[in-house]
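**Student:**
Residue numbers (my numbering): 417 to 513.
1. Output the boundary residues of the beta strand (DSSP E) element that contains residue 425.
2. Quick check on DSSP: helix, strand or coil for residue 470?
3. Residues bridged to residue 485 by DSSP?
4. Could you tell me which of 459, 419, 434 and 470 sits nearest to residue 482, measuring between CA atoms?
5. Just tell me which of 478, 457 and 438 has its CA closest to the CA of residue 444.
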């Protein structure tokens with residue numbers, strides 16, 4: 417099976433994230449005990465892709481499926497201290513019809 421050729425980098429990002437859905441492991445789906453006797457609970461905590469041509473890094477976390485995009489072209493890399501971005505859980509958006 418072959419994926420359709422995307423029209424541009426943004427479409428390729430969407431297509432790639434969609435394809436990666438096939439490999440997500442929900443919480444509780446893969447549990448068991450290792451040969452060492454340690455309980456295991458495999459799960460997908462996050463998915464990330466890098467678009468080298470568009471200079472973007474995209475992350476989607478387990479508790480919020482909305483992709484977060486870092487524009488690497490505009491990223492300020494000055495300074496010597498590491499920085500952290502807290503990714504918050506997503507909420508459902510109510511819709512009234």
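No residue lacks a Cβ here, since even glycine has one placed at the ideal position from N, Cα and C.
Since the model is a prediction, treat every value here as computed from it, not as a measurement.
**Tutor:** If we stick to the structure as given:
1. Where residue 425 is concerned, there is no enclosing beta strand (DSSP E), although the alpha helix (DSSP H) it sits in stretches over 425 to 436.
2. coil
3. 474
4. Residue 434 is the option with its Cα nearest to residue 482.
5. 457
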